[in-house]
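Chemist: What follows is a single structure, and I will ask about it in a moment.
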Amino acid sequence: MIKRALLYTLMTVAVCSCENDINAVMEFDSKKAATENGVDIVTIFSQNGKVNAKLTAPTMERSLDKPSYVAFKNGLKVFMYNDTLGLESTLSAKKGRYLEDEGNVYLSDSVIVINKKGERLDCNELNWDPKRKIFYSTKEVFIKTPTDSLHGWGLEANEDFSEKKILKVSGPITVEDSTAVMN
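Heads up, the sequence shown is in the numbering used here, so the first residue is 6 and it goes up one at a time.
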């Protein structure tokens, strides 16, 4: 009888001492539920029924907290296509972040863009505005073309990288002789 009374007492103490703060549980659940993760990511982007880009990445993390974002912490690669699915340019970076509310993409760490003419942009930070279809940066940039190498700070370029402007050029620049065309 004493054993049974002692057992009931211990069980009552154990049950009463195991209490969770409901606010702490809700906070833990909301933080855990506010993130989505994925591996081996392939995303196709299209407008008006036409594919214009394909993104691949080994991992992805999507935060549902405001402001919501998608982070690519282990690298990403984007293939940009023209209307006939011809490859216009490729973009790669070791890190990327897409802010869903803004619609902008922020790329960092070994960013490389190569267009179909073989021109190459190297930088450590590049922003992409898909709505305006432009790339821009305020950081150091290097551009290598088949005929020249350019260096400077700041960049504005269209999405297929066919038109680009370095805002503050540094180093030698090759200029074509405009009179050679006339002769």
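Ideal Cβ placement from N, Cα and C applies to all residues, glycine included.
Evaluate Leu-69 with the Cβ neighbour count: other Cβ atoms within 10 Å of its Cβ, from every protein chain shown; 16 or more gives buried, anything less gives exposed.
Modeler: exposed
Chemist: Taking only runs of the beta strand (DSSP E) that begin and end inside the segment 109–134, which ones reach a length of at least 3 residues, in chain order?
Modeler: Note on the segment 109–134: whole beta strand (DSSP E) runs with a minimum of 3 residues are 109–120 and 125–134, in chain order.
Chemist: Does DSSP classify Leu-90 as helix, strand or coil?
Modeler: coil
Chemist: Do Ala-62 and Phe-50 have their C-beta atoms within less than 7 Å of each other?
Modeler: no
Chemist: Could you pull out every residue in the same chain whose Cβ sits closer than 6 Å to the Cβ of Asp-134, ignoring the five residues on either side in sequence?
Modeler: Within the same chain, Asp-134 has close Cβ partners Asn-109.
Chemist: Helix, strand or coil: how does DSSP classify Leu-60 here?
Modeler: strand
Chemist: Could you give the distance in angstroms between the alpha-carbon of Asp-106 and the alpha-carbon of Leu-81?
Modeler: Between the alpha carbons of Asp-106 and Leu-81 lies a distance of about 20 Å.
Chemist: To the nearest angstrom, how far is it from the Cα of Lys-71 to the Cα of Tyr-103?
Modeler: 13 Å
Chemist: Do Asn-120 and Phe-84 have their C-beta atoms within less than 7 Å of each other?
Modeler: Against a cut-off of 7 Å, the Cβ pair of Phe-84 and Asn-120 comes out as no contact.
Chemist: Please report how far the alpha carbon of Lys-100 lies from the alpha carbon of Ile-117, in whole angstroms.
Modeler: C-alpha separation (whole angstroms): 12 Å.
Chemist: Whole angstroms are fine: how far does the CA of Ala-58 sit from the CA of Ile-46?
Modeler: 14 Å
Chemist: Keeping to the same chain, check which residues put their C-beta closer than 7 Å to that of Asn-163; ignore five residues upstream and five downstream.
Modeler: Lys-138 and Ile-139
Chemist: DSSP on Glu-41, reduced to helix/strand/coil?
Modeler: strand
Chemist: Alpha carbon to alpha carbon, what distance is there between Thr-40 and Leu-96?
Modeler: 26 Å
Chemist: Should Lys-169 be labelled buried (16 or more other beta-carbon atoms within 10 Å of its own) or exposed?
Modeler: buried
Chemist: Provide the residue span of the beta strand (DSSP E) that contains Lys-149, from first to last.
Modeler: 139–149
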